[in-house]
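Novice: Numbering (my numbering), first residue to last: 259 to 565.
(1) What is the rounded straight-line gap between the Cα of residue 525 and the Cα of residue 303?
(2) If I measure Cβ to Cβ from residue 399 and keep anything under 6 Å in the same chain, skipping five residues before and after, which residues do I get?
(3) So, helix, strand or coil for residue 508, using DSSP?
(4) Quick one: any contact between the region 485 to 495 and the region 510 to 530, if contact means 3 or more CB pairs under 8 Å?
(5) Give a yes or no on whether the C-beta atoms belonging to residue 350 and residue 382 are separated by under 8 Å.
(6) Between which two residues does the alpha helix (DSSP H) harbouring residue 488 extend?
(7) Which whole-angstrom value is the C-beta distance of residue 375 and residue 392, which I expect to be below 8 Å?
(8) Our contact map puts residue 517 next to residue 306 with C-beta atoms below 8 Å; I'd like the distance itself, whole angstroms only.
(9) My parser needs the alpha helix (DSSP H) runs of 4 or more residues fully inside the region 439 to 496; what are they?
(10) Could you give the DSSP three-state label for residue 555: helix, strand or coil?
(11) Tell me which residue opens and which closes the alpha helix (DSSP H) that residue 364 is part of.
(12) Specify whether the region 313 to 323 and the region 356 to 371 touch according to this definition: at least 3 beta carbon pairs, one from each stretch, less than 8 Å apart.
(13) For residue 343, which residues from the same chain have a beta carbon less than 7 Å from its beta carbon, with the 5 sequence-adjacent residues on both sides left out?
(14) Quick one: give me the first and last residue of the alpha helix (DSSP H) that residue 526 is part of.
(15) Let's test the definition: count the other Cβ atoms within 10 Å of the Cβ of residue 345 and tell me whether it reaches 16, buried, or not, exposed.
(16) For residue 477, which residues in the same chain have their Cβ closer than 6 Å to its Cβ, ignoring the five residues on either side in sequence?
(17) Assign residue 406 to one of two classes, buried (16 or more other C-beta atoms within 10 Å of its C-beta) or exposed (fewer than that).
(18) State the Cα-Cα distance for the pair residue 506 and residue 361, rounded to the nearest angstrom.
(19) Of all the alpha helix (DSSP H) runs that stay within the bounds of the region 282 to 344, which reach a length of 4 or more residues?
(20) Could you have a look at residue 249 and say whether DSSP puts it in helix, strand or coil?
(21) Going by C-alpha distance, which of 531, 551, 504 is nearest residue 561?
(22) Leaving out five residues on either side along the sequence, give the residues of the same chain with a beta carbon under 7 Å from the beta carbon of residue 282.
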């Protein structure tokens, strides 16, 4: 069996973060519509529905342009970049964030610059430009600390940890994840805490500490359930199911995969539901539960033929 990889979690700036999501002075009525549209898109993105969020953010971008709302436009561009990254369009994401950063520099908005630099680091990481990602993250981290943007600092540290992990710098990655977790615990931000803990779990796995990894994935699941954070809950279940399957506990794996499968179906994440379902069928076969494996496979076949 090909060894699957753990789900690792980049963090993004959503409503309530810095630059465009932070609470600031009351906006004029028309400009407030840009924020309202962005908030609506953020809610869709928090549900994992990038397909719905994208057009909403584009509406916000067009409205901001028509109003010459420069901060709102930059925020909408960053939102569109986040969606593009989730959909695998990494060069497009980099371009959105580059344009947003230009606006931040033009208007002298330091909080917005932190957000843009963090996003530019993420985009560079995703295309494999580790040196570029490091440069953007370093600038963002210095500026976030200078303006005392704790939430932004935590986002940057989490994503910097993923970059360090990708480069094999495991001790530095652990330090970054732990620093991010300490900030998010202090805020508190349970969604972000869950991401930090899950990434620590992936790091434990990479080091061969499977029991430690399982404990961290269980902790991440508890935090995500408390925050009602979908589809992160399903990602946690997939990680736990994979560990159980690799540890030759197929019935336990079935329980996790079944919950992830049903969750993804409820969220209408068909491709992810298909992946969870395939693992569920495999685990059922390994557990000697042929009838259930056949029934699950029939469900998947029907799902695969739906338009």
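Ideal Cβ positions, reconstructed from N, Cα and C, are used throughout, including at glycine.
Specialist: Walking through what the data contain:
(1) 12 Å
(2) 414
(3) helix
(4) yes
(5) no
(6) Per DSSP, residue 488 belongs to no alpha helix (DSSP H) and is neither H nor E.
(7) With a Cβ gap of about 12 Å, residue 375 and residue 392 do not count as contacting.
(8) At roughly 16 Å, the Cβ-Cβ gap does not stay under 8 Å, so residue 517 and residue 306 are not in contact.
(9) 448 to 464, 468 to 484
(10) helix
(11) 348 to 365
(12) no
(13) 351, 380, 381, 384
(14) Per DSSP, residue 526 belongs to no alpha helix (DSSP H) and is neither H nor E.
(15) exposed
(16) 455
(17) exposed
(18) 53 Å
(19) 287 to 304, 308 to 325, 328 to 344
(20) Because the chain is modelled from 259 through 565, residue 249 falls outside the range shown and cannot be assessed.
(21) 531
(22) For residue 282, the predicted model reports a pLDDT of 49, less than 50, meaning its position is unreliable; a value from the coordinates is still stated below. Nothing listed; no residue qualifies.
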